[in-house]
Amino acid sequence: MVEGRPVTWWVQLPEHRPATPAELGAVLKRLHALAVPKCPVLSTVDPFEGLTESLDTGAFLAEGDRAWLQCLVERLRGEYRALLPGLSWCVIHGDAWQGNVVVPQCGEPVLLDLDHLGVGPREWDLVSLAADYTDFARLARADYEAFVAAYGGYDMTTWSGYRTLATIRELRWTAFVLGKANVNQKAVDEARHRVACLRGEIDRPWSWLAF
1 MVEGRPVTWW VQLPEHRPAT PAELGAVLKR LHALAVPKCP VLSTVDPFEG
51 LTESLDTGAF LAEGDRAWLQ CLVERLRGEY RALLPGLSWC VIHGDAWQGN
101 VVVPQCGEPV LLDLDHLGVG PREWDLVSLA ADYTDFARLA RADYEAFVAA
151 YGGYDMTTWS GYRTLATIRE LRWTAFVLGK ANVNQKAVDE ARHRVACLRG
201 EIDRPWSWLA F
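Take 1 as the starting number for the sequence shown in full-length UniProt numbering and just add one per residue.
Spelled out as structure tokens, the structure:
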């Protein structure tokens, strides 16, 4: 800290690759074990931050779809509030997936994209990979089991609140594409597809294009 302001030094990363699920699990285990710092004060991670505004950008959506999405947000808010008293809070990344952890050829894995770093329930960091496994055809059982083992054996898909957090995360993924749809026809098509999935019109496992 310099005159009350945090100062950091940036070092260019050497050649690196994305983390494996097991490496991601190991990094999250270490991150979540850190004591919450008193200085600097970390903000509370809000899974709903900016979500309503992002959904409102989808002018091309049918009015029924937009209204349904807003109702879904409110339902999920209520479910999330009900879960909070039973959750353990810690330092979390906020957007944890393999692409946000890189592994140099020599050295320790490095966390990237710390924009959402804060204090929140550890399950919010675990849900992206869990949803990849349960709801999409993009993570093999062996890879998910390796992730769980590296994290310490906690499989959040067995937790009663899993579906709520998974749906919030998938809604955020949908809102992200909605934000690109005003200038990209492929994003329009993908956003409509994702909304159809969320509405139960398409069976799991889903296939969503990367954006």
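We put the CB at the ideal spot given by N, CA and C, even for glycine. What you are looking at is a predicted structure, and each value in this text was computed from that prediction instead of being measured.
Short Cβ contact (9 Å threshold) for residue i with residue j
i: PRO14; j: GLN98; result: no
i: ASP65; j: ARG199; result: yes
i: ALA137; j: SER207; result: yes
Contact set for residue i: own chain, Cβ-Cβ below 8 Å, skip 5 residues either direction
i: GLY118; result: LEU42, SER43, THR44, VAL45, VAL91, ILE92, GLY94
N-terminal and C-terminal residue of the beta strand (DSSP E) that residue i is part of
i: residue 214; result: Only positions 1 to 211 of the chain appear in this structure, which leaves residue 214 out of reach.
i: HIS116; result: Per DSSP, HIS116 belongs to no beta strand (DSSP E) and is neither H nor E.
Euclidean distance between Cα positions of residue i and residue j
i: THR158; j: VAL127; result: 12 Å
i: ILE202; j: ALA196; result: 6 Å
i: HIS16; j: GLU49; result: 31 Å
i: GLU145; j: ALA22; result: 8 Å
i: residue 237; j: PRO6; result: Past the edges of the chain, shown from 1 to 211, lies residue 237, and the structure says nothing about it.
i: GLY153; j: HIS32; result: 14 Å
i: THR8; j: LEU114; result: 13 Å
i: GLU3; j: ARG204; result: 53 Å
i: LEU139; j: THR164; result: 20 Å
i: VAL103; j: HIS116; result: 20 Å
6 Å CB neighbourhood of residue i in its chain, flanking five on each side removed
i: residue 253; result: Outside the displayed span of the chain (1 to 211) sits residue 253, for which this structure offers no information.
i: THR174; result: ARG194
i: LEU24; result: GLN98, VAL101
i: LEU69; result: LEU55
Pick from the options that is closest to residue i, judged by C-alpha positions
i: GLU74; options: VAL110, ASN182, TRP208, ILE168; result: ILE168
i: VAL110; options: GLN185, LEU76, VAL11; result: VAL11
i: GLN185; options: PHE60, TRP9, PRO6, HIS32; result: PHE60
i: CYS39; options: VAL177, TRP89, VAL148, MET1; result: MET1
i: TYR133; options: GLY107, ALA166, GLY153; result: ALA166
i: residue 217; options: ALA150, TYR162, THR164, ASP135; result: The question about residue 217 has no answer, for the chain in this structure spans 1 to 211.
i: LEU76; options: PRO47, ALA191, ALA67; result: PRO47
i: ARG172; options: ARG192, THR20, THR52; result: THR52
i: GLY58; options: ASP155, PHE176, TRP208; result: PHE176
i: PRO161; options: ALA67, GLY107, LEU83; result: Looking at the sequence shown, residue 161 is not Pro but Gly. The residue with the shortest Cα to Cα distance from GLY161 is LEU83.
i: GLU190; options: LEU209, VAL183, ASN182; result: LEU209
i: ASP125; options: PRO85, TRP89, GLY107, ASP135; result: TRP89
Residues near residue i in its chain [Cβ-Cβ closer than 7 Å; skip 5 each side]
i: LYS180; result: ALA187, PHE211
i: ASP143; result: PRO21
i: ALA26; result: ALA150
First and last residue of the uninterrupted alpha helix (DSSP H) at residue i
i: PRO21; result: 21-32
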